[in-house]
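Asks: This note's numbering puts the sequence shown at residues 6 to 266.
Quick one: this structure, given as C-alpha coordinates, is what I'll be asking you about.
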Amino acid sequence: MAVFVLVAGGWLGGWAWRDVAAELERAGHRAVPVTLTGLGDRAHLATAGTGVGTHVQDVLNVLAYEELSGVVLVGHSYGIFPVLGAADRCPERVGRVVFLDAAAPQDGQSVVNTFMDPQRRAAFEERVATEGEGSRFPLPGRDELPAWGSLDGLDDAALARMRRLAVGHPYGAFTEPLRLTGAGDGLPASAVFCTANGNTLAMIEALHRAGDPRLVAAADKDTTFFELPTGHYPMLSVPTATAHVLIDAAEGRGRRLEPGP
6 MAVFVLVAGG
16 WLGGWAWRDV
26 AAELERAGHR
36 AVPVTLTGLG
46 DRAHLATAGT
56 GVGTHVQDVL
66 NVLAYEELSG
76 VVLVGHSYGI
86 FPVLGAADRC
96 PERVGRVVFL
106 DAAAPQDGQS
116 VVNTFMDPQR
126 RAAFEERVAT
136 EGEGSRFPLP
146 GRDELPAWGS
156 LDGLDDAALA
166 RMRRLAVGHP
176 YGAFTEPLRL
186 TGAGDGLPAS
196 AVFCTANGNT
206 LAMIEALHRA
216 GDPRLVAAAD
226 KDTTFFELPT
236 GHYPMLSVPT
246 ATAHVLIDAA
256 EGRGRRLEPG
266 P
(Lines of atoms letter the chains of each structure in order from A and count residues from 1; the text may use other names and numbers.)
(Lines give C-alpha, C1' and ligand atoms only; values in the text may rest on other atoms or scores of the structure.)
Protein backbone atom coordinates (compact mmCIF):
# COMPACT_ATOMS: atom_id res chain seq x y z
CA MET A 1 0.00 0.00 0.00
CA ALA A 2 1.30 3.43 -0.95
CA VAL A 3 0.38 6.63 0.86
CA PHE A 4 -0.26 9.58 -1.47
CA VAL A 5 -0.14 13.11 -0.06
CA LEU A 6 -1.84 15.33 -2.64
CA VAL A 7 -1.28 19.10 -2.95
CA ALA A 8 -3.23 21.00 -5.61
CA GLY A 9 -2.25 24.20 -7.37
CA GLY A 10 -3.48 27.78 -7.28
CA TRP A 11 -7.01 28.56 -6.07
CA LEU A 12 -7.72 24.88 -5.36
CA GLY A 13 -8.00 22.90 -2.14
CA GLY A 14 -8.11 19.31 -1.01
CA TRP A 15 -11.59 19.09 -2.50
CA ALA A 16 -10.06 18.94 -5.99
CA TRP A 17 -8.70 15.44 -5.28
CA ARG A 18 -12.05 13.85 -4.33
CA ASP A 19 -12.33 11.50 -7.31
CA VAL A 20 -8.60 10.76 -7.51
CA ALA A 21 -8.54 9.91 -3.80
CA ALA A 22 -11.54 7.59 -4.18
CA GLU A 23 -9.84 5.74 -7.04
CA LEU A 24 -6.56 5.41 -5.14
CA GLU A 25 -8.40 3.98 -2.16
CA ARG A 26 -10.36 1.56 -4.37
CA ALA A 27 -6.98 0.31 -5.57
CA GLY A 28 -5.91 -0.39 -1.99
CA HIS A 29 -3.85 2.73 -1.29
CA ARG A 30 -4.23 5.64 1.12
CA ALA A 31 -4.86 9.18 -0.12
CA VAL A 32 -4.32 12.28 2.02
CA PRO A 33 -5.47 15.44 0.22
CA VAL A 34 -4.00 18.63 1.69
CA THR A 35 -5.83 21.95 1.88
CA LEU A 36 -3.32 24.77 2.19
CA THR A 37 -3.92 27.77 4.44
CA GLY A 38 -6.23 30.29 2.81
CA LEU A 39 -7.78 27.82 0.37
CA GLY A 40 -10.78 25.51 0.34
CA ASP A 41 -12.32 25.00 3.76
CA ARG A 42 -9.34 26.90 5.24
CA ALA A 43 -10.01 30.04 3.22
CA HIS A 44 -10.88 31.98 6.38
CA LEU A 45 -7.38 31.44 7.81
CA ALA A 46 -5.54 33.53 5.22
CA THR A 47 -3.74 36.66 6.38
CA ALA A 48 -1.55 39.19 4.62
CA GLY A 49 1.42 37.13 5.83
CA THR A 50 0.31 33.84 4.30
CA GLY A 51 3.07 32.76 1.93
CA VAL A 52 4.83 29.77 0.51
CA GLY A 53 6.53 29.21 3.86
CA THR A 54 3.09 28.87 5.46
CA HIS A 55 2.16 26.29 2.85
CA VAL A 56 5.39 24.35 3.37
CA GLN A 57 4.49 24.18 7.05
CA ASP A 58 0.98 22.97 6.16
CA VAL A 59 2.46 19.98 4.34
CA LEU A 60 4.98 19.32 7.11
CA ASN A 61 2.17 19.34 9.67
CA VAL A 62 0.17 16.80 7.70
CA LEU A 63 3.19 14.50 7.52
CA ALA A 64 3.88 14.91 11.23
CA TYR A 65 0.37 14.75 12.68
CA GLU A 66 -0.76 11.92 10.39
CA GLU A 67 2.52 10.16 11.36
CA LEU A 68 3.37 9.44 7.74
CA SER A 69 6.59 8.15 6.23
CA GLY A 70 7.65 6.87 2.84
CA VAL A 71 4.92 8.93 1.21
CA VAL A 72 4.40 9.72 -2.45
CA LEU A 73 4.28 13.51 -2.25
CA VAL A 74 2.37 14.92 -5.22
CA GLY A 75 2.51 18.60 -6.21
CA HIS A 76 0.24 19.93 -8.93
CA SER A 77 1.17 23.26 -10.55
CA TYR A 78 1.83 25.80 -7.72
CA GLY A 79 1.49 22.89 -5.27
CA ILE A 80 5.00 21.75 -6.19
CA PHE A 81 6.40 24.75 -4.28
CA PRO A 82 5.22 23.60 -0.83
CA VAL A 83 5.85 19.97 -1.80
CA LEU A 84 9.51 20.65 -2.58
CA GLY A 85 9.86 22.80 0.52
CA ALA A 86 8.47 20.04 2.72
CA ALA A 87 10.59 17.35 1.03
CA ASP A 88 13.65 19.52 1.65
CA ARG A 89 12.78 19.91 5.34
CA CYS A 90 11.99 16.26 6.06
CA PRO A 91 13.28 14.00 3.27
CA GLU A 92 13.18 11.06 5.66
CA ARG A 93 9.38 11.04 5.45
CA VAL A 94 9.24 11.10 1.63
CA GLY A 95 9.59 8.10 -0.68
CA ARG A 96 8.98 9.90 -3.99
CA VAL A 97 8.11 13.38 -5.24
CA VAL A 98 5.68 13.64 -8.17
CA PHE A 99 5.53 16.78 -10.33
CA LEU A 100 1.98 16.83 -11.72
CA ASP A 101 2.03 19.24 -14.68
CA ALA A 102 4.38 21.38 -12.62
CA ALA A 103 7.60 23.28 -13.12
CA ALA A 104 10.75 22.54 -11.12
CA PRO A 105 11.38 25.67 -9.03
CA GLN A 106 14.81 26.21 -7.53
CA ASP A 107 15.96 27.84 -4.31
CA GLY A 108 15.04 31.53 -4.23
CA GLN A 109 12.42 31.34 -6.98
CA SER A 110 8.76 32.32 -6.78
CA VAL A 111 5.78 32.09 -9.11
CA VAL A 112 5.56 35.81 -9.82
CA ASN A 113 9.16 36.97 -9.65
CA THR A 114 10.63 34.05 -11.58
CA PHE A 115 7.99 32.92 -14.05
CA MET A 116 6.23 36.21 -14.93
CA ASP A 117 7.51 39.19 -16.90
CA PRO A 118 7.36 42.66 -15.25
CA GLN A 119 4.32 43.79 -17.25
CA ARG A 120 2.27 40.77 -16.26
CA ARG A 121 3.45 41.10 -12.65
CA ALA A 122 2.26 44.71 -12.53
CA ALA A 123 -1.14 43.65 -13.85
CA PHE A 124 -1.36 41.00 -11.12
CA GLU A 125 -0.53 43.51 -8.42
CA GLU A 126 -3.21 45.87 -9.70
CA ARG A 127 -5.76 43.08 -9.61
CA VAL A 128 -4.77 42.04 -6.10
CA ALA A 129 -5.20 45.64 -4.96
CA THR A 130 -8.55 46.23 -6.64
CA GLU A 131 -10.24 42.82 -6.49
CA GLY A 132 -8.33 40.83 -3.87
CA GLU A 133 -8.44 43.18 -0.87
CA GLY A 134 -4.69 43.63 -1.19
CA SER A 135 -3.78 40.05 -0.27
CA ARG A 136 -5.42 37.59 -2.68
CA PHE A 137 -5.12 36.90 -6.38
CA PRO A 138 -8.70 36.22 -7.56
CA LEU A 139 -9.55 33.22 -9.68
CA PRO A 140 -9.33 34.43 -13.29
CA GLY A 141 -12.57 34.72 -15.24
CA ARG A 142 -13.71 31.86 -17.43
CA ASP A 143 -12.35 33.46 -20.60
CA GLU A 144 -8.91 34.20 -19.13
CA LEU A 145 -8.45 31.04 -17.04
CA PRO A 146 -7.00 29.06 -19.99
CA ALA A 147 -4.03 31.44 -19.97
CA TRP A 148 -3.05 29.78 -16.68
CA GLY A 149 -3.44 26.27 -18.03
CA SER A 150 -5.48 24.35 -20.57
CA LEU A 151 -9.03 23.48 -19.55
CA ASP A 152 -9.09 20.58 -22.01
CA GLY A 153 -11.12 17.64 -20.71
CA LEU A 154 -13.16 19.63 -18.21
CA ASP A 155 -16.86 19.19 -18.87
CA ASP A 156 -19.38 21.83 -17.83
CA ALA A 157 -20.04 20.17 -14.46
CA ALA A 158 -16.34 19.94 -13.58
CA LEU A 159 -15.69 23.53 -14.62
CA ALA A 160 -18.72 24.75 -12.67
CA ARG A 161 -17.51 22.87 -9.57
CA MET A 162 -14.06 24.37 -9.95
CA ARG A 163 -15.43 27.89 -10.22
CA ARG A 164 -17.80 27.30 -7.30
CA LEU A 165 -15.17 26.00 -4.86
CA ALA A 166 -11.97 27.80 -5.92
CA VAL A 167 -11.06 30.93 -3.96
CA GLY A 168 -8.62 33.80 -4.37
CA HIS A 169 -5.08 32.53 -3.79
CA PRO A 170 -2.99 34.17 -1.03
CA TYR A 171 -0.80 36.46 -3.10
CA GLY A 172 2.15 36.14 -0.76
CA ALA A 173 2.39 32.50 -1.76
CA PHE A 174 3.00 33.62 -5.35
CA THR A 175 5.64 36.21 -4.41
CA GLU A 176 7.58 34.71 -1.48
CA PRO A 177 10.72 32.85 -2.62
CA LEU A 178 10.93 29.13 -2.04
CA ARG A 179 13.84 28.19 0.20
CA LEU A 180 15.65 24.91 -0.44
CA THR A 181 18.85 23.54 1.09
CA GLY A 182 19.30 20.63 -1.30
CA ALA A 183 18.42 18.03 1.35
CA GLY A 184 15.68 16.58 -0.84
CA ASP A 185 17.60 16.53 -4.12
CA GLY A 186 18.34 12.81 -3.97
CA LEU A 187 14.75 11.69 -3.55
CA PRO A 188 13.19 9.56 -6.30
CA ALA A 189 11.00 11.67 -8.54
CA SER A 190 8.42 11.37 -11.29
CA ALA A 191 7.00 13.98 -13.65
CA VAL A 192 3.57 13.81 -15.27
CA PHE A 193 3.03 16.02 -18.32
CA CYS A 194 -0.46 17.01 -19.44
CA THR A 195 -0.09 17.07 -23.20
CA ALA A 196 -3.03 19.37 -23.96
CA ASN A 197 -1.26 21.97 -21.82
CA GLY A 198 1.70 21.92 -24.19
CA ASN A 199 3.99 19.69 -22.13
CA THR A 200 5.21 16.49 -23.79
CA LEU A 201 7.84 13.84 -23.33
CA ALA A 202 9.15 14.60 -26.81
CA MET A 203 9.93 18.16 -25.72
CA ILE A 204 11.67 16.93 -22.56
CA GLU A 205 13.70 14.36 -24.49
CA ALA A 206 14.79 17.04 -26.96
CA LEU A 207 15.98 19.27 -24.13
CA HIS A 208 17.79 16.31 -22.60
CA ARG A 209 19.59 15.57 -25.88
CA ALA A 210 20.59 19.25 -26.00
CA GLY A 211 22.26 18.85 -22.61
CA ASP A 212 19.85 20.74 -20.36
CA PRO A 213 21.59 20.28 -16.97
CA ARG A 214 18.32 19.83 -15.07
CA LEU A 215 17.35 16.91 -17.28
CA VAL A 216 20.83 15.41 -17.21
CA ALA A 217 20.52 15.41 -13.42
CA ALA A 218 17.02 13.92 -13.66
CA ALA A 219 18.30 11.10 -15.84
CA ASP A 220 21.23 10.42 -13.56
CA LYS A 221 18.92 9.95 -10.56
CA ASP A 222 16.53 7.72 -12.54
CA THR A 223 13.52 10.04 -12.67
CA THR A 224 10.46 8.58 -14.40
CA PHE A 225 8.19 10.43 -16.82
CA PHE A 226 4.55 10.08 -17.88
CA GLU A 227 2.05 11.76 -20.18
CA LEU A 228 -1.67 12.35 -19.70
CA PRO A 229 -3.73 13.42 -22.74
CA THR A 230 -5.62 16.18 -20.97
CA GLY A 231 -5.35 19.79 -19.82
CA HIS A 232 -3.79 21.36 -16.75
CA TYR A 233 -6.35 20.06 -14.24
CA PRO A 234 -6.10 16.26 -14.59
CA MET A 235 -7.53 15.56 -11.13
CA LEU A 236 -10.77 17.13 -12.36
CA SER A 237 -10.74 16.12 -16.03
CA VAL A 238 -9.39 12.54 -15.89
CA PRO A 239 -9.34 11.50 -12.22
CA THR A 240 -9.20 7.75 -12.85
CA ALA A 241 -6.30 8.03 -15.29
CA THR A 242 -4.55 10.43 -12.91
CA ALA A 243 -4.86 7.99 -10.03
CA HIS A 244 -3.41 5.15 -12.07
CA VAL A 245 -0.50 7.25 -13.31
CA LEU A 246 0.28 8.10 -9.68
CA ILE A 247 0.18 4.41 -8.79
CA ASP A 248 2.54 3.62 -11.66
CA ALA A 249 4.88 6.36 -10.44
CA ALA A 250 4.81 4.97 -6.90
CA GLU A 251 5.74 1.54 -8.26
CA GLY A 252 8.70 2.89 -10.20
CA ARG A 253 7.23 2.56 -13.67
CA GLY A 254 7.41 5.18 -16.41
CA ARG A 255 9.70 6.42 -19.17
CA ARG A 256 13.32 7.06 -18.29
CA LEU A 257 15.87 9.29 -19.95
CA GLU A 258 19.28 8.00 -20.91
CA PRO A 259 21.80 8.74 -18.15
CA GLY A 260 24.66 11.10 -18.82
CA PRO A 261 28.19 9.96 -19.65
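No residue lacks a Cβ here, since even glycine has one placed at the ideal position from N, Cα and C.
Fair warning: this is a prediction, and the values are worked out from it, not measured in the lab.
Report the three-state DSSP secondary structure of Ala-36 (helix, strand or coil).
Replies: Here Ala-36 sits in strand by DSSP.
Asks: If you follow the alpha helix (DSSP H) that His-49 is in, where does it begin and where does it stop?
Replies: Careful: His-49 lies outside any alpha helix (DSSP H) and carries neither H nor E.
Asks: Are Val-172 and Gly-18 close, meaning C-beta to C-beta below 9 Å?
Replies: It is a contact, given that the beta carbons lie within the stated cut-off.
Asks: With DSSP run on the structure shown, which of helix, strand or coil describes Thr-90?
Replies: For the record, residue 90 in the displayed sequence is Gly; it is not Thr. Reduced to three states, the DSSP call for Gly-90 is helix.
Asks: What does Gly-80 pair with, by DSSP beta-bridge criteria?
Replies: DSSP output for Gly-80 lists Val-12 and Phe-104 as bridge partner(s).
Asks: Looking at the structure shown, is Arg-184 part of a helix, part of a strand, or coil, going by DSSP?
Replies: Arg-184: coil per DSSP, three-state reduction.
Asks: Could you tell me if Arg-141 is buried or exposed, where buried requires 16 or more neighbouring beta carbons within 10 angstroms of its beta carbon?
Replies: The residue is buried, with at least 16 neighbouring Cβ atoms inside 10 Å.
Asks: Given this structure, state the Cα-to-Cα distance separating Leu-262 from Thr-42, to the nearest angstrom.
Replies: About 36 Å.
Asks: Return the chain-ordered list of same chain residues with a C-beta closer than 6 Å to the C-beta of Val-61, the five sequence neighbours on each side being excluded.
Replies: Here the set comprises Pro-87, Gly-90 and Ala-91.
Asks: Taking the C-alpha atoms as reference points, what is the distance between Phe-198 and Leu-105?
Replies: Their backbone Cα atoms lie some 7 Å apart in a straight line.
Asks: Any idea what DSSP makes of Thr-235, helix, strand or coil?
Replies: The answer is coil: DSSP assigns Thr-235 none of H, G, I, E or B.
Asks: One question on the structure: do Pro-239 and Ala-27 come within less than 9 Å of each other, judged by their Cβ atoms?
Replies: No, Cβ-Cβ distance for Pro-239 and Ala-27 is not below 9 Å.
Asks: With a cut-off of 8 Å, do at least 3 Cβ pairs link the region 142 to 156 to the region 193 to 213?
Replies: Verdict: yes, contact present.
Asks: Quick check: the region 111 to 120 against the region 179 to 189, are at least 3 beta-carbon pairs closer than 8 Å?
Replies: The region 179 to 189 is in contact with the region 111 to 120.
Asks: Rounded to whole angstroms, how far is the Cβ of Ala-32 from the Cβ of Ile-252, which I believe are closer than 8 Å?
Replies: With a Cβ gap of about 6 Å, Ala-32 and Ile-252 count as contacting.
Asks: Do Ala-178 and Thr-59 have their CB atoms nearer than 9 Å?
Replies: It is a contact, given that the beta carbons lie within the stated cut-off.
Asks: Please work out which residues of its chain come closer than 6 Å, Cβ to Cβ, to Thr-228, disregarding the five sequence neighbours upstream and downstream, and give them in chain order.
Replies: Closer than 6 Å at Cβ, skipping near neighbours: Ala-194.
Asks: Please classify Gly-54 as buried or exposed, where buried requires at least 16 other C-beta atoms within 10 Å of its C-beta.
Replies: Looking at its Cβ environment, which holds fewer than 16 other Cβ atoms inside 10 Å, Gly-54 is exposed.
Asks: Along the chain, where does the alpha helix (DSSP H) containing Val-116 start, and where does it finish?
Replies: Residues 116 to 120.
Asks: Suppose the cutoff is 7 Å on Cβ atoms and the five residues either side in sequence are ignored; what does the same chain contact list for Leu-50 look like?
Replies: These residues qualify, in order along the chain: Thr-42 and Gly-43.
Asks: Would Pro-175 pass as a contact of Gly-56 if the rule is Cβ separation under 9 Å?
Replies: In contact: Pro-175 and Gly-56 (Cβ atoms closer than 9 Å).
Asks: Taking buried to mean at least 16 other C-beta atoms within 10 Å of its own C-beta, is Met-167 buried or exposed?
Replies: Answer is buried; the Cβ neighbour count reaches 16.
Asks: For Arg-141, list the residues DSSP reports as bridge partners.
Replies: Answer is Pro-175.
Asks: Assign Arg-258 to one of three DSSP states: helix, strand, or coil.
Replies: Correct three-state label for Arg-258: coil.
Asks: Going by beta carbon distance, what residues of the same chain come within less than 7 Å of Val-63, once the five residues before and after it are set aside?
Replies: Strictly speaking, residue 63 in this sequence is Asp, with Val absent from that position. So the list reads Val-39, Leu-41, Thr-42 and Pro-87, once near-sequence residues are dropped.
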